[in-house]
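> First the structure, then my questions, so here it is.
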Amino acid sequence: MANNFKNAFATSVSTNSSSPTAVYTANNGSAVNSILIELDVANTGSSAVQVTVQLYDSSGTASYHIVKNAPIPSGGALKVVSGQKVVLNGDDQVRVYASASTVDVVCSILEDVA
34 MANNFKNAFA TSVSTNSSSP TAVYTANNGS AVNSILIELD VANTGSSAVQ VTVQLYDSSG
94 TASYHIVKNA PIPSGGALKV VSGQKVVLNG DDQVRVYASA STVDVVCSIL EDVA
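Numbers 34 to 147, taken from our numbering, label the letters of the sequence shown in order.
Okay, here's the thing in structure tokens:
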């Protein structure tokens, strides 16, 4: 099977913890897995922000924090996932919210992992 690499992006993420931005949904409706290889968060604003990144487990309908309220200075960035790998099952999601909407997210993913 060939490698299927994909990028997922979000800009101006949600500031509502009850309704975070879904940056990526793993193989929507499929029974195969994806691997989150890297996840970077950048603060494009002029003030510091706090960022939360969650994994939503669709099988248990629960969210789990990768990082919660991590501070990012103005113009700064945070490598949330870098080097380690996070397995996502079908319909699991990467979700992000922040204290201000001046946040961009970039994910690198390997899809269709059997």
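Backbone N, C-alpha and C fix where the C-beta goes; we use that ideal spot for every residue, glycine too. Predicted model only: the values in this text are computed from it and were never measured.
Just grab the DSSP bridge partners of P104 for me.
Reading the sequence shown from its first residue, position 71 is the one you call residue 104. P104 is bridged to Q83.
> Which residues does DSSP list as the beta-bridge partners of A110?
Against the sequence shown, residue 110 aligns to sequence position 77. Answer is A75.
> Can you look up G123 in the DSSP assignment and give me helix, strand or coil?
Numbered from its first residue, the sequence shown carries residue 123 at position 90. The answer is coil: DSSP assigns G123 none of H, G, I, E or B.
> Report yes if the C-beta of G109 is less than 6 angstroms from at least one heavy atom of the ligand GDP; otherwise report no.
The model on display carries no ligand, and the ligand GDP is accordingly not part of it.
> If you scan the segment 41-65 from start to end, which runs of the beta strand (DSSP E) of 3 or more residues do you find wholly inside it?
Segments of the beta strand (DSSP E) lying fully in the segment 41-65: 54-58.
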